[in-house]
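In my numbering, the protein residues as written are 624 to 799. Note that CB positions come from ideal geometry on N, CA and C, so glycine has one too. Have a look at the structure below, then the notes.
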């Protein structure tokens, strides 16, 4: 009888230890977010929030209103079901810079970010782009951005101050 009680107590103890170890093998939380929008297309989750690295740009290349190399970025639209609205414009909003460009924050000074469409036409901050035609299914809206040296009201070059910079820009789509 004592042997049976000892065996049962041992099994219970081992079972509890095994269960404790199994519960300690990793855990976490998954949060799902998103929104339902009234639009003929969905914005790809891979492109709704992105970072465009403009690289290390020489202050000499920005002198006299000079420009850095353009860096491509895309806004991918998925599952477009076009019935009446077959084009889209894109409007970029953010901190105002020089000459309708995006202002930068940080230790770098004397330059602004230009955003251009797929044919390298400047898109003024807060102004819709030229309408782009859409097709049923997936679509790719192509853009590029570059850094450009700033000028003052009298068209004089502003001094280029080396340092780090960043700018946060939002985009809005308008289907036509």
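Item: Give me whichever residues DSSP pairs with residue 676 in a beta bridge.; Value: Bridge partners of residue 676: none, in fact.
Item: According to DSSP, is residue 873 helix, strand or coil?; Value: The question about residue 873 has no answer here: the residues shown for the chain are numbered 624 through 799.
Item: Out of curiosity, what's the CA-to-CA distance linking residue 720 and residue 775?; Value: 11 Å
Item: For residue 753, which residues in the same chain have their Cβ closer than 8 Å to its Cβ, ignoring the five residues on either side in sequence?; Value: 712, 740 and 744
Item: So residue 739 is in the beta strand (DSSP E); what residue range does that whole segment cover?; Value: 734-740
Item: Based on Cα-Cα distance, which residue from 793, 788 and 665 lies nearest to residue 679?; Value: 788
Item: Exposed or buried, which one is residue 674 when buried takes at least 16 other CB atoms within 10 Å?; Value: exposed
Item: Give a yes or no on whether the C-beta atoms belonging to residue 649 and residue 780 are separated by under 8 Å.; Value: no
Item: Leaving out the 5 sequence neighbours to the left and right, which residues in its chain are closer than 7 Å to residue 641 when beta-carbon positions are compared?; Value: For residue 641, the pLDDT reaches just 49, beneath the cut-off of 50, and the residue's location in the model is therefore unreliable, although a value from the coordinates is still provided. Hits under 7 Å: none found.
Item: Round the Cβ separation of residue 748 and residue 725 to the nearest angstrom and send it over; I've been treating them as touching at under 8 Å.; Value: 6 Å
Item: Tell me the residue span of the alpha helix (DSSP H) that contains residue 683.; Value: 682-685
Item: Once DSSP output is grouped into helix, strand and coil, what is the label at residue 688?; Value: helix
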